[in-house]
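Scroll down for the structure; my scribbles are underneath it.
Protein chains: 4
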Amino acid sequence: MNNINKLKIFNDPIYGFVSITNPLIYDLIQHPYFQRLRRISQMGMSYLVYPGAHHTRFHHALGCMHIMQKTIQVLRFKGVEISDKEENALYIAILLHDIGHGPFSHAMEHSIVEDVNHESISLLFMDKLNREFNGQLDLAIKIFKGEYHRKFMLHLISSQLDMDRMDYLKRDSFYSGVAEGNINSERLIQMLDVEDDKLVIEEKGIYSVEKFLVARRLMYWQAYLHKTSLAAELVLTKILKRAKELTQQGRVLHASKPLQFFLQNKITLEDFNDDVLYTFSLLDDFDVISAIKEWQFDDDFVLSQLCRMTINRDLPKIRLQAEKVSKEEVIALREKFKTEYNLSEKEAEYFVFKGKIKNQAYNKTGEPIHILKKDRSVEDVVEASDQLNLKALSKPVTKYYLCFPKVLLEKAVI
Amino acid sequence: MNNINKLKIFNDPIYGFVSITNPLIYDLIQHPYFQRLRRISQMGMSYLVYPGAHHTRFHHALGCMHIMQKTIQVLRFKGVEISDKEENALYIAILLHDIGHGPFSHAMEHSIVEDVNHESISLLFMDKLNREFNGQLDLAIKIFKGEYHRKFMLHLISSQLDMDRMDYLKRDSFYSGVAEGNINSERLIQMLDVEDDKLVIEEKGIYSVEKFLVARRLMYWQAYLHKTSLAAELVLTKILKRAKELTQQGRVLHASKPLQFFLQNKITLEDFNDDVLYTFSLLDDFDVISAIKEWQFDDDFVLSQLCRMTINRDLPKIRLQAEKVSKEEVIALREKFKTEYNLSEKEAEYFVFKGKIKNQAYNKTGEPIHILKKDRSVEDVVEASDQLNLKALSKPVTKYYLCFPKVLLEKAVI
Amino acid sequence: MNNINKLKIFNDPIYGFVSITNPLIYDLIQHPYFQRLRRISQMGMSYLVYPGAHHTRFHHALGCMHIMQKTIQVLRFKGVEISDKEENALYIAILLHDIGHGPFSHAMEHSIVEDVNHESISLLFMDKLNREFNGQLDLAIKIFKGEYHRKFMLHLISSQLDMDRMDYLKRDSFYSGVAEGNINSERLIQMLDVEDDKLVIEEKGIYSVEKFLVARRLMYWQAYLHKTSLAAELVLTKILKRAKELTQQGRVLHASKPLQFFLQNKITLEDFNDDVLYTFSLLDDFDVISAIKEWQFDDDFVLSQLCRMTINRDLPKIRLQAEKVSKEEVIALREKFKTEYNLSEKEAEYFVFKGKIKNQAYNKTGEPIHILKKDRSVEDVVEASDQLNLKALSKPVTKYYLCFPKVLLEKAVI
Amino acid sequence: MNNINKLKIFNDPIYGFVSITNPLIYDLIQHPYFQRLRRISQMGMSYLVYPGAHHTRFHHALGCMHIMQKTIQVLRFKGVEISDKEENALYIAILLHDIGHGPFSHAMEHSIVEDVNHESISLLFMDKLNREFNGQLDLAIKIFKGEYHRKFMLHLISSQLDMDRMDYLKRDSFYSGVAEGNINSERLIQMLDVEDDKLVIEEKGIYSVEKFLVARRLMYWQAYLHKTSLAAELVLTKILKRAKELTQQGRVLHASKPLQFFLQNKITLEDFNDDVLYTFSLLDDFDVISAIKEWQFDDDFVLSQLCRMTINRDLPKIRLQAEKVSKEEVIALREKFKTEYNLSEKEAEYFVFKGKIKNQAYNKTGEPIHILKKDRSVEDVVEASDQLNLKALSKPVTKYYLCFPKVLLEKAVI
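Residue numbers (the UniProt record's numbering), protein chains in the order written: chain D, 1 to 414; chain F, 1 to 414; chain S, 1 to 414; chain V, 1 to 414.
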């Protein structure tokens with residue numbers, strides 16, 4: 001395939017079209033590692049609340065690249081020098097920033113692998129691709145790791161106002177139909193500038209930043225941490241935990257080979273050699289959901305119950321509250337289930353449990369969002385805002401939950 | 001025209017279609033008093049900043065009626081009893097709530113009439129229409145005046161979360177293209193309920209309320225009080241003031257008869273008899289803009305200068321700041337202009353002046369936005385919010401401005 | 001769960017909200033048969049062209065119900081009598097009209113089952129649900145089968161301007177981003193009426209009907225029959241054919257139990273007893289894609305090749321043309337591949353083949369789209385149109401294709 | 001003002017933002033000749049049918065420039081060489097292509113001036129501006145006149161698929177809410193190319209072209225030639241005709257000076273010297289509507305009647321039909337009105353009259369829309385389409401109308 005044919009466009013209902021502007025980008029997108037992202041949903045189990053939320057990490061990554069293109073155009077227009085080499089590196093870095101996500105990431109990070117976060121795996125994939133592409137990803141990796149001297153480039157990839165957040169808020173809002181989560185990424189981008197190697201927002205964009213933070217906060221509570229999404233994700237984590245437990249006990253569960261590999265082995269970051277990475281690259285939402293579909297009919301009561309809850313959307317209840325859930329309440333409720341369904345303590349823990357969730361709309365301790373004043377001085381957005389509400393938004397909100405099933409089901413057979 | 005033909009629909013790019021559901025509503029819309037609203041822009045001079053903002057009070061009033069229809073549907077679905085008579089009264093009241101607006105309302109309220117606000121004039125129009133329609137507006141007027149025993153109906157018409165605000169934020173955002181001002185009125189409406197004769201929002205809608213308040217705040221600073229909109233509106237006020245001043249001195253300015261009437265007479269609320277009301281009903285944006293177009297060529301230097309600034313969008317500068325503008329600075333600047341253009345003190349005051357603007361996203365002293373908790377208790381949204389930012393939003397923000405022209409222009413001739 | 005809690009709303013980015021208006025509808029949606037539709041994509045393999053096209057038959061069915069609600073509201077407003085019982089039956093019928101779809105329907109209809117179309121299976125599901133729900137689906141089934149005396153109700157469910165088409169065109173256009181496919185369903189619905197038991201469109205809606213037909217035609221050629229979608233679907237059909245062939249030869253392929261059942265047995269409509277139906281109800285996109293993911297590593301060269309083409313989006317080329325593809329060309333091309341890759345004739349047929357596709361924007365022989373003239377006479381839209389283009393649109397367009405791989409791949413191992 | 005400050009952006013709800021990319025463009029937009037377009041509505045009287053249709057020629061011209069920017073980007077990406085000088089000339093030409101429009105163009109072209117079309121006046125404005133800007137518009141004017149050797153540049157400005165049409169269809173559809181008129185200009189632009197100095201569309205864009213033509217046709221019949229819009233425009237023409245007639249008889253009507261000038265003088269293209277052009281530049285919608293508002297109270301029965309019809313939206317009826325309206329019917333109807341209202345024949349002709357309107361979705365005799373086939377041969381879109389409907393669309397459709405008032409009104413007084 002010659003290079004001119006690699007300058008493709010993708011349809012995107014959000015931006016109209018996303019263009020591929022060089023052959024290397026095309027080759028990276030065509031790579032099986034990247035094509036895999038077509039089979040990893042961006043919002044995990046949220047489609048059980050928002051039936052339209054089936055968009056993928058593939059589409060999100062393309063979207064990020066698109067707004068990176070727009071951003072570079074704006075910055076150059078304002079006189080920020082960005083070389084062609086840097087430009088390409090930024091596209092590669094943003095395109096691949098999420099490539100390490102496994103199926104249903106958060107559930108996976110604590111069950112399929114052992115506390116390996118997706119950023120580390122993204123980096124492993126980048127290194128592997130860099131070898132395949134003869135070092136053409138060098139600069140992208142340098143930026144991604146924060147080792148490049150122009151720090152604002154890292155902040156385009158990863159910060160509190162990066163391309164990633166701008167695209168996912170817009171995209172998640174669009175596909176789920178949670179209209180309030182929509183942000184004006186186009187205006188935010190128009191307001192971006194670089195001052196003293198910092199990514200900054202022009203002062204007149206301050207209301208848009210506020211709006212962006214409020215939208216993000218709303219998306220957290222209304223979509224990502226919605227009670228039903230949360231219930232579904234917690235059940236999923238329990239399913240994988242149970243499956244791993246049974247596997248460790250010697251059971252061989254129906255599952256795809258890659259999934260079986262991760263159930264049978266405790267994989268830490270150190271174990272991630274090229275073979276493991278390749279096996280990981282074969283894993284996506286389809287492995288997990290297909291396994292759950294099979295396990296509905298497993299003989300293990302706990303496993304089959306949890307799987308049927310997921311497949312038939314018969315999810316447990318979640319009670320959310322501002323105060324901690326008392327240990328006593330959990331114990332009492334568990335006792336009730338133990339008696340009623342004749343469960344062991346260990347089994348009951350899979351059905352009745354507590355925990356907490358936390359969100360912070362703006363993180364004051366990390367790299368701040370910088371506001372560029374008219375005199376070209378730079379200030380943290382929290383200081384620049386004319387009201388106290390941004391200070392308020394930087395206070396983390398913690399909520400506590402109690403999760404328990406409405407009722408357990410009859411055994412199913414196939 | 002028979003009644004069935006009065007059940008018309010209007011196209012609305014925002015809601016798709018707006019339906020007229022009874023013949024009386026049709027007749028009110030057809031009335032010249034209401035048709036006049038087609039010639040009164042909703043956002044005044046803001047089109048000088050946002051070229052799309054040419055939508056009218058006519059369209060806004062139809063939009064309000066439309067969301068009132070949706071709201072009544074939701075409330076009835078939740079078991080709130082609303083009789084057919086009350087339903088119609090609510091449509092009439094919301095349809096006519098803004099009928100008293102004159103051209104460029106705020107400018108007008110302090111120049112064309114003498115401190116008569118548009119709500120009072122709306123009521124005069126309603127009374128007049130009620131006589132024409134044989135008392136069919138009785139209940140609507142009662143609700144509008146707050147004299148009906150079911151108070152939540154007043155709050156549908158006028159409160160911090162009324163149909164008016166829901167429509168104008170959405171509409172102004174849509175036509176101006178200030179995307180961040182868009183609110184999810186559909187979701188807000190779905191969350192409405194009535195408890196203990198109070199209009200309330202279900203607890204799960206609290207993030208939408210926050211978003212609504214933040215959007216409103218953003219629209220104030222980014223659109224309604226945008227520096228250029230503000231400059232244009234201030235110049236307009238000065239134009240009308242100067243025109244009135246010259247008229248009082250005996251000059252007869254080119255102007256339509258209705259406009260001349262209001263320039264020649266000081267009209268207070270007491271003076272507003274049926275004749276005055278009729279003359280007022282002949283007045284709209286076209287009278288004002290046409291006069292300004294003529295006055296560009298007037299012999300009075302001040303008047304012609306100000307008019308040309310408006311017509312050619314050559315507006316004065318505005319400096320906005322958190323602190324008061326010092327008297328000294330204004331005097332010094334005025335001196336400069338007096339010398340340079342050979343102006344009297346009085347003349348110079350038309351060009352160089354200071355003032356302040358204020359906005360409060362949420363008013364804690366008025367009727368609060370009520371949140372309906374799961375146990376059906378009712379709480380002020382500021383108390384119910386899990387973070388401090390709503391408290392912050394209820395603090396009024398004041399900004400001070402200094403307005404002065406870049407340069408004055410050569411005399412124009414026609 | 002009491003009945004009031006069953007009156008839920010769903011978010012829909014297209015319509016805002018979709019409401020469930022009675023408890024039976026809620027129970028049907030909650031049923032595993034219906035929840036299964038969450039795992040069946042509406043546009044099959046089209047996401048390989050349009051990365052956003054991951055919406056499901058679940059969402060589509062809800063959308064259809066929503067516009068049925070709007071339609072009934074409009075028809076009643078115009079004086080068409082529809083009883084509450086009929087109303088509910090219409091909701092049920094439209095909700096379930098597609099419930100018989102299997103994964104990747106068209107591929108499935110000729111491989112997984114033996115020429116059993118999805119409508120027949122929908123009816124089997126409805127009958128089964130009717131038994132479970134004690135006959136509450138009687139009227140819905142009667143309408144669906146065309147046995148109810150009020151024929152216009154059938155046409156709301158199934159005709160050239162039914163709720164199904166209005167929703168899927170709008171939805172497919174929305175999620176894929178093929179903006180031209182968007183139709184103004186709201187306007188079409190506003191124009192619907194019933195005359196002489198026929199579903200009709202008011203004359204002033206004729207341009208909207210034209211636009212609807214042109215949009216549908218565009219969606220066929222630009223999305224549903226897009227070269228890449230077509231290639232992907234053809235490959236999928238070949239995969240299932242090969243899998244069935246190997247299974248018949250005694251191989252046991254990795255696959256979920258339900259999929260294995262359909263590979264091992266030739267199931268015709270007569271075989272579809274309750275057990276088969278239940279097994280069918282366990283089958284969705286996940287079974288098929290997961291199997292393909294496994295089969296990438298199968299020892300059978302043909303099967304593994306085809307599977308890898310799909311998973312890595314390395315699809316064969318399609319040449320589309322107006323004239324038939326000659327047998328000679330196919331043979332010659334096959335020979336080339338046979339030699340190059342050492343394939344048997346039978347194997348080569350899986351890679352190099354020809355066929356045809358057909359689309360007809362308007363079908364003149366079926367139930368026409370009726371136009372209601374001002375004098376309330378009814379005319380076929382083709383006659384009523386003032387230009388010839390609708391006649392043109394009723395001419396079927398056939399295109400012929402030749403499909404062949406760019407190159408075959410190295411064997412993969414896991 | 002220094003040049004960097006002239007690189008402004010405008011909000012546009014359709015495209016997000018429109019950028020000014022060079023100082024000369026800024027200066028042209030700031031010029032009073034161009035600012036005047038803010039006061040000229042794009043859709044004339046259509047707001048009487050579509051209440052949102054208040055957008056202006058100013059916004060349209062900016063929109064055209066925006067899509068010209070996109071187009072040039074696409075063409076350059078495909079290897080078409082366009083110099084910076086040519087680029088700027090294209091922006092200027094498209095920006096100014098409509099600057100010659102007067103208020104309510106079509107009404108005006110046959111009443112205010114004597115058969116002077118707006119293109120000629122645009123050229124006069126361009127020449128005048130070129131003198132003011134020292135020849136910087138030379139190339140733009142050359143392109144606009146079709147005198148530049150690269151013909152495809154003219155076709156970007158003026159052809160059956162030019163920037164003008166792409167913007168106005170999209171914009172008129174957006175603001176009016178006639179959703180079916182929306183076109184996918186972004187896709188059309190992506191498909192543009194230049195072959196053999198012809199502007200062409202890639203073959204795969206053919207369905208988009210069809211959709212574009214069908215959308216344009218729909219906008220004609222549903223918006224531009226909608227019965228009520230047509231009635232309003234015909235009444236407006238009659239008003240201006242009557243005003244001119246009365247003026248010629250020696251009456252001095254209330255009107256702005258520029259409007260009076262054009263009522264008192266018969267201005268042909270030859271008369272258009274700089275002074276006339278300047279007077280013309282002072283004329284906009286406000287002059288016309290304000291005059292009509294005054295003339296409601298004029299003593300002339302015909303004039304006041306027609307004006308009140310417009311202001312109160314009490315428009316005459318229009319009967320549209322495929323066959324000519326017979327002279328006899330018109331005479332009979334006129335007699336009725338003459339008797340009933342005691343009118344002379346001449347007066348009655350203002351109220352009862354017939355005429356015809358015509359639309360042709362695609363003009364086969366003009367410059368065709370060219371399709372670029374895969375082998376880079378070029379074909380007229382009508383030949384390239386796989387169905388006959390484009391041939392159908394190139395047949396002009398003529399409709400005949402009869403216009404007459406429902407009733408005439410009582411005399412009004414101010």
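Even for Gly, the Cβ is constructed at its ideal location relative to N, Cα and C.
Interface flag, residue i vs chain V, CB-CB below 8 Å
{"i": "Asn11/S", "result": "no"}
{"i": "Gln35/S", "result": "no"}
{"i": "Met69/D", "result": "Correcting the residue identity first, residue 69/D is Gln in this sequence and not Met. Chain V contact via Cβ: absent."}
{"i": "Glu180/S", "result": "yes"}
Expected contact under 8 Å - CB spacing of residue i and residue j to nearest Å
{"i": "Ala231/D", "j": "Ile318/D", "result": "5 Å"}
{"i": "Glu109/S", "j": "His118/S", "result": "7 Å"}
{"i": "Ile289/V", "j": "Phe286/F", "result": "5 Å"}
{"i": "Val194/S", "j": "Ile369/S", "result": "The Cβ separation is near 14 Å, so there is no contact."}
{"i": "Leu192/D", "j": "Val74/D", "result": "6 Å"}
Cβ of residue i within 8 Å of any chain D Cβ
{"i": "Gly186/V", "result": "As written in the sequence, residue 186/V is Glu, which differs from the Gly given in the question. Glu186/V counts as touching chain D."}
{"i": "Val235/F", "result": "no"}
{"i": "Arg313/S", "result": "yes"}
{"i": "Tyr207/F", "result": "yes"}
{"i": "Phe133/S", "result": "no"}
{"i": "Gln190/V", "result": "yes"}
Residue i at chain S interface by Cβ criterion, 8 Å
{"i": "Gly16/F", "result": "yes"}
{"i": "Trp295/V", "result": "no"}
Inter-residue spacing [alpha-carbon to alpha-carbon] between residue i and residue j
{"i": "Ala89/F", "j": "Gln42/S", "result": "45 Å"}
{"i": "Leu388/D", "j": "Ser394/F", "result": "Low local confidence applies: a pLDDT of 49 at Leu388/D is under 50, so the model's placement there is unreliable, with the coordinate-based value given in what follows. Between Leu388/D and Ser394/F, the C-alpha separation is close to 10 Å."}
{"i": "Arg57/D", "j": "Arg165/D", "result": "13 Å"}
{"i": "Pro396/S", "j": "Ser385/V", "result": "14 Å"}
{"i": "Arg376/S", "j": "Tyr26/F", "result": "25 Å"}
{"i": "Ala215/V", "j": "Cys64/S", "result": "25 Å"}
{"i": "Met45/D", "j": "Asp172/S", "result": "22 Å"}
Contact under 8 Å by Cβ, residue i with residue j
{"i": "Ser281/S", "j": "Lys293/D", "result": "no"}
{"i": "Lys238/V", "j": "Leu306/V", "result": "yes"}
Of the listed residues the options, nearest to residue i (C-alpha basis)
{"i": "Ser347/D", "options": "Lys85/D, Thr310/D and Ser304/D", "result": "Before going on, a small fix: residue 347/D reads as Glu here, not Ser. Among Lys85/D, Thr310/D and Ser304/D, the Cα nearest to that of Glu347/D is on Ser304/D."}
{"i": "Leu123/D", "options": "Lys266/D, Leu277/D, Leu234/D and His31/D", "result": "Leu277/D"}
{"i": "Asp84/F", "options": "Lys324/F, Gln69/F and Thr310/F", "result": "Gln69/F"}
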